[in-house]
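Student: Supplied in C-alpha cells, the structure appears directly below.
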Amino acid sequence: MAEPSGVDPLLIDAAVFLGASVVSVTLFRRIGLGAILGYLAAGAIVGPHVLGLIEGAERVLHFAEFGVVLLLFVIGLELRPARLWRMRAEIFGLGFAQVMLTGLAIGTALVWSGVLEAPGAIALGAALALSSTAFGVQILRDRGEFTRPHGDRAFAILLFQDLAIVPILALVAFLGPGGGVAEDGWLQFAKAVGALVAVVLAGRYGLRPLFALIARVRAEEIFTAAALMIVVGASLLMQLAGLSMAMGAFIAGVLLAESEFRHQLETDIEPFRGLFLGLFFMGVGMSVNWAVVLDNWWVAVAGAFGLYILKALILLVLTRVASSSWADALRISALLGQGGEFGFVVLGVGAVAGLWPPMMGALVAAIVTLSLALTPVAVLLCDRVLVRRRPQDMSDINHMDEAAAAPVVVAGFGRFGQVVARILKQRGYDVTLIDNDPDRIRIARTFGNKVFFGDLRRADMLRAIRAGEARAIFICGDDPEANAIAMKKLRTRLPDLPIFCRAADRFEELRLIQLGATGVVRETFESGIALARAALDVLGDGAVADEVIEEFRRRDAELLRLQGEFGAEAGYARMRESYSLEDKR
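Counting in our numbering, the sequence shown runs from 1 upward without gaps.
Dropping the structure here:
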C-alpha cells in the first residue's frame with residue numbers, strides 16, 4: 001500500500017489493525033461466531049493477498065506470537081503445581097497417544113494417496129497432529145470451561161503437544177536428505193533439559209523474592225515491567241534451547257501460581273495478552289495465500305474438512321477409552337480438530353530440508369488456516385448436538401415461567417453451594433439454583449428445587465432469573481476465575497444488589513471485595529476456625545477460646561483491609577510493624 005508522505009507507516013499499520021479488528025470482531029460477535037473468527041477475517045481482508053493494506057504477514061505473525069506466550073503465562077498462574085501433577089496421566093498418556101496415532105494416521109493417508117513419499121508423510125503427519133494452543137485455550141477461557149473435566153483433558157493434550165515440538169523438529173531434520181542421528185540432536189536435547197531446569201530453579205527460588213522487593217517500592221509500573229521481563233526472559237531461554245516460547249512462560253506462571261502476587265500479575269498482564277493475541281489471530285488470517293487457495297480451492301476445502309474430521313474422530317475414540325463421557329469427548333474433539341500454529345514452522349523447515357515442494361507448503365498452510373477458521377463453528381455445532389441429546393427434563397429446564405425465578409439465587413450447586421441452598425430453604429426462602437453440570441442439575445431437581453441450566457455470566461441467564469428483582473445472589477461455583485467474572489458483570493449491571501461470594505483463598509477474597517462483593521467467605525476459613533476451637537477445648541483453653549478466636553478474626557480482618565489497600569506483601573509488612581509497636585508499648 002502506498003503510504004502518504006510525512007506519515008509514520010507504523011501509525012498507518014496500527015490504525016488499519018485496530019480499525020479492522022473493531023469492525024470485524026464486533027460483527028462476528030453480533031452474529032454469534034465469536035471474536036477469534038472475527039480476527040481471522042480481519043487479517044485476511046487487510047492482508048497482502050486481498051486488500052494489501054498490510055504487508056509482511058510472517059513478521060506480524062512472529063511478533064504477535066507474544067500473545068500466545070502471555071496467554072500461557074496467565075494459564076500457568078491459574079494452574080497450581082499440585083493440579084498439574086494430578087494431570088500427569090492425561091498429559092503423558094492421552095497426549096502422547098493423540099500425537100502418535102494422529103501423526104501415523106495422517107502420514108499413512110498421505111502415502112496411500114501418493115501425495116508424499118514416506119519420509120515427508122511422516123514429518124507432515126507429525127506436524128499436523130498438533131492442534132492450536134492459542135485457539136483451544138482461548139475458547140476454553142471465553143466459555144468458562146477451563147477447569148471443567150473436558151477443559152482439563154483438552155489442556156493436557158495441548159501441553160504434551162507443546163512438549164513434542166523439539167522431537168518433531170529433530171524428526172524433520174532426520175528425515176530430510178542427508179539427515180541422520182548426529183551429535184547435534186543429543187546436544188539439542190541437553191540444551192532443552194537444561195533450559196527447563198533453569199526456568200524451574202529460577203522460578204522457585206528467585207521470583208518471589210524479586211516481586212517482594214519490587215512490591216516494597218510500591219511502583220505499579222515497575223511491577224508490570226518485571227512481570228513482562230519474566231515472561232520475555234523465560235520465553236527467550238526456551239527459544240534458545242529450541243523449545244516453545246509459550247512453554248517457558250507457562251512454567252513461569254505455574255511457579256508463581258501459589259504466590260501472593262498471582263492476581264496482581266494476572267491483572268497487569270491481561271491488557272497485553274488480549275492485544276497481542278488478537279494481533280496473532282489477525283496474522284494467521286493475513287498469512288493465507290488466497291491465490292493458491294483459489295487455484296486449488298477444492299483441495300484446500302477438502303483438506304481442511306478432512307483434517308478436522310480425522311483428528312476429531314481419533315480424539316473421540318481416545319477420550320472415550322480414557323473414560324470421558326460422550327459429551328466431554330465430543331467437546332474435546334470439536335475443540336482440537338484443527339491444525340496448529342506450529343505447523344507453519346514445520347512447513348518452512350520441511351521445505352528447506354527438501355521433504356516437500358514450497359508450493360505444497362503454501363497449500364498445506366492454507367489448509368491449516370481454514371481448519372482454524374472451522375474451530376469456532378465446530379464448537380457451536382457441538383453445543384447444538386449436545387442440547388439435542390440432553391434428556392427432556394434438561395432441555396426444558398430453562399423454559400420455566402419467569403415468575404418461577406426466586407428472590408434468592410444460588411449459582412453453583414457443588415459442595416459449597418449445596419450447604420448455602422439447604423440452609424436458606426430450611427429457613428423458608430424460595431431459592432433458584434444455577435449450574436452448568438447436568439448431573440448436579442438432576443440431583444437438585446430430585447429435591448424439588450427450581451434449577452436453571454447455564455452460566456451466571458450470560459446476559460440471557462440474568463434476564464431469565466430476573467436478577468434485577470432478586471433479594472440476593474450467592475456465587476458458589478468451583479472455578480475462581482468464573483466467579484470473579486460473574487461478580488464483575490453482576491456488579492456492573494446491578495450496583496445495589498447484595499452479592500455474596502465463595503473464595504478459594506484470601507487473595508481470591510481480596511479480588512472479589514475489590515470487584516464489589518457484599519460479602520466473601522473463604523471456603524476453608526470457618527472450618528479451620530472450628531477445628532482450632534475444638535483444639536483449644538482439648539488443650540484446656542476452652543474458657544478463653546471464644547476470646548482468642550474473636551481476636552484472631554479481628555486481626556485477620558485488619559490484615560485483609562491492609563492488603564486490599566497496600567497490596568499483599570506491603571499490607572502484611574504494615575500489619576507486622578503495627579503489632580511490633582503494640583508489643584513495645
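Backbone N, C-alpha and C fix where the C-beta goes; we use that ideal spot for every residue, glycine too.
Run through DSSP, which three-state label would G47 get?
Tutor: Residue state, collapsed to three classes: coil.
Student: Quick one: using the 10 Å Cβ neighbour count with 16 as the cut-off for buried, is G43 buried or exposed?
Tutor: Result: buried.
Student: Roughly how many whole angstroms lie between the Cα atoms of V419 and Y205?
Tutor: V419 and Y205: Cα-Cα distance of roughly 40 Å.
Student: Kindly indicate which three-state DSSP category V254 falls into: helix, strand or coil?
Tutor: If DSSP states are grouped into helix, strand and coil, V254 belongs with the helices.
Student: Using DSSP with H/G/I as helix, E/B as strand and the rest coil, what is C382?
Tutor: Three-state DSSP puts C382 in a helix.
Student: With three or more C-beta pairs closer than 8 Å as the rule, is the region 363-382 touching the region 323-335?
Tutor: Touching, per the Cβ criterion.
Student: DSSP three-state call for I397: helix, strand or coil?
Tutor: Its pLDDT being 43, under 50, I397 is placed unreliably in this model, and the value from its coordinates should be taken loosely. Three-state DSSP puts I397 in coil, outside helix and strand.
Student: Residues in its own chain within less than 6 Å of R471 by CB, not counting five upstream and five downstream?
Tutor: Excluding positions up to five away in sequence, the list reads P407 and V408.
Student: Keeping to the same chain, check which residues put their C-beta closer than 7 Å to that of G468; ignore five residues upstream and five downstream.
Tutor: Contacts found: L494.
Student: In three-state terms, what does DSSP make of I513?
Tutor: Correct three-state label for I513: helix.
Student: Are at least three pairs of beta-carbons, each pair with one atom in the region 336-353 and one in the region 14-23, less than 8 Å apart?
Tutor: As far as the Cβ criterion goes, the region 336-353 does not touch the region 14-23, which means the pair count is below three.
Student: Excluding sequence positions up to five away, which residues of its chain have a Cβ less than 7 Å from the Cβ of G542?
Tutor: Same-chain partners within the cutoff: L536.
Student: Tell me the DSSP bridge mates of R555?
Tutor: Paired residue(s): none; R555 is not in a bridge.
Student: Closest by CA to N436, which one among A327, R502 and R511?
Tutor: The option with the nearest alpha carbon to N436 is A327.
Student: Do F413 and R440 have their CB atoms nearer than 7 Å?
Tutor: Taking 7 Å as the Cβ cut-off, F413 and R440 qualify as a contacting pair.
Student: Name, in chain order, the residues that DSSP records as bridge partners for F280.
Tutor: F280 is not bridged to any residue.
Student: What's the gap between the Cα of A134 and the Cα of G339?
Tutor: Their Cα atoms are separated by approximately 11 Å.
Student: May I ask you to verify whether the region 279-286 touches the region 226-242, counting CB pairs closer than 8 Å and requiring at least 3?
Tutor: No contact exists between the region 279-286 and the region 226-242.
Student: Beta-carbon separation of G67 and F280 under 7 Å?
Tutor: Taking 7 Å as the Cβ cut-off, G67 and F280 qualify as a contacting pair.
Student: Spell out whether any CB of chain D is found under 7 Å from the CB atom of R457.
Tutor: Among the chains in the structure shown there is no chain D, since it carries only a single protein chain.
Student: Sort out for me which residues DSSP pairs V410 with in a bridge.
Tutor: In DSSP, V410 forms a bridge with L433 and F474.
Student: How about I475 and A411: are their beta carbons less than 7 Å apart?
Tutor: Yes, they are a contact pair.
Student: Compare the Cα-Cα distances from R148 to each of R331, L462 and A534 and report the closest residue.
Tutor: Residue R331 is the option with its Cα nearest to R148.
Student: Taking the CB atoms as reference points, tell me whether D268 and A227 lie closer together than 7 Å.
Tutor: Going by C-beta atoms, D268 is nearer than 7 Å to A227.
Student: Tell me the DSSP secondary structure of A503 in three-state form.
Tutor: Reduced to three states, the DSSP call for A503 is strand.
Student: May I have the straight-line CA-CA distance separating I165 from L512, to the nearest angstrom?
Tutor: For I165 and L512, the distance between alpha carbons rounds to 39 Å.
Student: Please classify R502: is it buried, with 16 or more other beta-carbons within 10 angstroms of its beta-carbon, or exposed?
Tutor: Flag for R502 reads buried.
Student: Determine, using beta carbons only, whether A118 and V346 come nearer to each other than 7 Å.
Tutor: Going by C-beta atoms, A118 is not nearer than 7 Å to V346.
Student: Just list the beta strand (DSSP E) runs in the region 282-308, keeping only unbroken ones of 3 residues or longer that don't cross its boundaries, in chain order.
Tutor: None, since the region 282-308 contains no complete beta strand (DSSP E) of that length.
Student: If you check the beta carbons only, do R195 and M238 fall under 7 Å apart?
Tutor: Note on residue identity: the sequence assigns Ala, not Arg, to residue 195. Cβ atoms of A195 and M238: closer than 7 Å.
Student: How close, in whole Å, do the beta carbons of L265 and Q98 come, if the pair is a contact with beta carbons under 8 Å?
Tutor: 31 Å between Cβ atoms; not a contact.
Student: List the endpoints of the continuous beta strand (DSSP E) containing F146.
Tutor: It is not in any beta strand (DSSP E) - F146 carries neither H nor E in the DSSP assignment.
Student: Within 10 Å of its beta-carbon, does V321 have 16 or more other beta-carbons around it, so buried, or fewer, so exposed?
Tutor: When all chains shown are included, V321 counts as exposed.
Student: How many Å lie between A105 and L53 at the Cα?
Tutor: Between A105 and L53, the C-alpha separation is close to 40 Å.
Student: How is V521 classed by DSSP in three states: helix, strand or coil?
Tutor: It is a strand residue.
Student: For V301, I'd like the list of residues in its chain whose CB is within less than 8 Å of its CB, leaving aside the five on either flank, ordered along the chain.
Tutor: If we look at V301 and ignore the five residues flanking it on each side, its Cβ neighbours are L370.
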